Amino acid sequence: MDRGWLDDQVDHGRISFEQAESIDGAGPDGFDRGRLIEALAYAGALLTAVAALMWAGDFVTPDSFLDEPSPIPAGIVTLIAAALMYGLGFGAARSKAGAALRASGFLLLIGVFLFAVSLSFLTEEIDLGDLESVLVSALILAAGWMAWRRRPSAPTHLALYSGVTGALGSLLVLIQLEDADPVTGGLGAFGVAYLVLLTALGATWVALAHQGRLPPKNAAYFLGGLTLVFAPIGLIAESDAYLALTALATGFLFAAGVKWRSSMLLALAALASLALAGEAAFVFLDDPTITLTELALWFGVPGLAMTFVLLALLAADEAGDAATAPTPEPAPPPGGTTDT
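With this note's numbering applied, the sequence shown covers 291 to 630.
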């Protein structure tokens, strides 16, 4: 198989690089350079990142109470490691080998993570007020966005999504909403607004992924859907009215999974239904003496109802298949056909 033709098919989006790799992969006894790159990338990136973090920790952990921590050297060490991982990730992204492309996403994710750590050290002795969190979040978001644009993959998608969620929080800091009160408890206006925005972000992320704007689609579905499952849970402690938000998120995941034929969204919808049943029991059975049997009803009744609907749909499908089954042709008479 002509490798140039396969590369052209990958460049035009007709096949994935994994498919091209499978068609033109190395034989059982051949040397697969791409797999070697992938193996070295995973192990090397993890070892380098851990070493950089340990070295940085030595700067910020004084040997005695007379010594002062040194966050600037710690930031420089992690920044150098981040630049190395980022550069290697960009380089691997130029490869046509599927294994090398997978490695590039992981390298870029480690690079963005180390970059975020370095910023936390470098800005420790800089007092910019509320603008500091905005500046740091913007830089991390930019790094995640460039990594994702260079190589759209599950790891770089995680880097991008983490940057977006951090930017949302920093924007709320600028608005100066009331924070949680350590005495009275609760989330405060900041916590409530942040979780509501996260829920909206999750739904928007899923919708944009369906439109093809956030590849790879399943990575976007997973991150956005997981946010829809867990973000509303924290709001229940603030007010029982947020049960409606969990119900909306669950319904959205079910409807989107069925309409867009996504097993990923349907699996997350099942997880969201568990959260919804648990929250409903928490809201309506506000009794510390509740038994496990009473609690089980809130999960078992809707579960059995869904099971019966499933059985009815399966029976209807079987009946429809039997009604549309082709009628076998009659057997010809003995001796063949006769002209009339």
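Built from N, CA and C at the ideal position, the CB exists for glycine as well. Since we're looking at a predicted model, the values are computed, not measured.
Tell me which same chain residues have a C-beta within less than 7 Å of the C-beta of residue i, skipping the five on either side of it?
i	result
Ala333	none
Phe512	Met554
Leu404	Ala339, Ala342, Thr368, Ala371, Ala372, Met375
Gly593	none
Ala335	Met375, Phe396, Leu397, Ile400
Ala479	Leu467, Glu468
Thr597	none
Ala562	Leu518, Val519, Ala539, Thr540, Leu543
What is the residue span of the alpha helix (DSSP H) that residue i lies within?
i	result
Ile416	Segment: none, Ile416 is in no alpha helix (DSSP H) and carries neither H nor E.
Ser452	444 to 465
Tyr532	Premise fails: Tyr532 is in no alpha helix (DSSP H) and is neither H nor E.
Thr351	Run containing Thr351: none; DSSP gives neither H nor E here.
Gly514	507 to 520
Pro361	361 to 382
Leu488	478 to 500
Going by beta-carbon coordinates alone, are residue i and residue j separated by less than 8 Å?
i	j	result
Ser443	Pro506	yes
Ser515	Leu543	Inspection of the sequence shows that residue 515 is occupied by Gly rather than by Ser. Cβ atoms of Gly515 and Leu543: closer than 8 Å.
Leu518	Ile526	no
Arg441	Leu378	no
Gly547	Ala565	no
Pro522	Ala539	yes
Phe482	Glu528	The question names Phe, yet the displayed sequence has Val at residue 482. Yes, the pair counts as a contact, with Cβ atoms nearer than the cut-off.
Ile416	Gly453	no
Leu556	Thr489	no
Ala364	Ala387	no
Leu582	Ala571	no
Gly524	Leu477	yes
Report all residues from its chain with a CB closer than 6 Å to the CB of residue i; omit the five preceding and five following residues, and keep chain order.
i	result
Arg325	Ala389
Glu358	none
Ala393	Ile327, Glu328, Ala331, Ala382
Leu504	Leu498, Ala510
Asp319	With a pLDDT of 46 at Asp319, under the threshold of 50, the modelled position of this residue cannot be trusted, and the question is left open.
Near residue i, which residues of its chain fall below 8 Å by C-beta distance, leaving aside the five closest residues on each side in sequence?
i	result
Ala633	In the structure as shown, the chain starts at 291 and stops at 630, and residue 633 therefore has no counterpart that could be examined.
Next item on the list: Examine the Cβ distances between the segment 484 to 500 and the segment 422 to 440 and report whether three or more of them are shorter than 8 Å.
Entry: By the Cβ criterion, the segment 484 to 500 is not in contact with the segment 422 to 440, since fewer than three pairs of Cβ atoms, one from each stretch, lie closer than 8 Å.
Check: In the segment 553 to 617, which residue ranges form an unbroken alpha helix (DSSP H) of at least 4 residues, counting only runs that do not cross its ends?
Finding: 553 to 574, 582 to 613
Check: When the Cβ atoms of the segment 455 to 465 are set against those of the segment 409 to 416, are three or more pairs found closer than 8 Å?
Finding: no
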